[in-house]
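**Student:** Quick note: the sequence shown, position 18, residue 724 per the working numbering, numbers continuous.
Glycine included, each C-beta is placed from N, C-alpha and C at the ideal position.
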Amino acid sequence: MKLQLKELFDIEGEQKQIDYEIGAESFKEYSSFDLAAPIAVRGRAENRAGVVTLRFGTEFTLDHVCDRCLKEFSRDYSYDFSHTLVRKAYSDDDEYVECENNVLELDELVISDLLLQLPTKILCREDCKGLCFVCGQDLNEGSCNCSEG
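Right under this line is the structure:
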């Protein structure tokens with residue numbers, strides 16, 4: 707979704723509401739995660755005293771395979787984000803989001819924020835014991851008869 711921001715940058719007190727969804731096909735362009743349902747994005751961009759701030763929340767569900775026991779499962783996620791938007795950034799600092807030609811590609815920003823928040827190791831539960839390295843038994847379901855030497 708392209709967010710047109712010219713009026714927002716030009717008019718102090720201006721606001722834009724955001725309420726849309728990012729589909730699985732758009733998410734797949736940037737990620738290898740499997741989206742179980744669209745990403746709900748809700749928030750607003752506003753100009754307060756000449757400073758344009760974007761605040762939004764996301765809710766979504768991902769289908770995963772546990773990195774330890776290989777079980778399939780789904781998990782719900784919810785994150786909130788805030789950014790200061792500028793027409794031109796004068797440094798390579800990530801503190802500001804540059805909106806070239808007064809346009810923000812919101813999908814790209816949302817997905818980038820989400821991917822930075824998601825854990826790198828995906829477990830079905832915190833205390834997942836994984837699989838036996840010898841016989842492949844799921845150690846969450848019981849022990850195996852292999853020697854643990």
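1. Expressed to the nearest angstrom, what Euclidean distance is found between the alpha-carbon atoms of residue 768 and residue 709?
2. Taking 8 Å as the threshold (C-beta atoms), are residue 834 and residue 750 in contact?
3. Comparing alpha-carbon positions, which option in 807, 723, 735 and 839 lies nearest residue 753?
4. With 16 as the cutoff for other CB atoms within 10 Å, does residue 747 come out buried or exposed?
5. Report the rounded CA-to-CA distance for residue 776 versus residue 815, giving the unit in angstroms.
6. Which class does residue 766 belong to by DSSP, given the choice of helix, strand or coil?
**Tutor:** Short version:
1. 26 Å
2. no
3. 723
4. buried
5. 31 Å
6. strand
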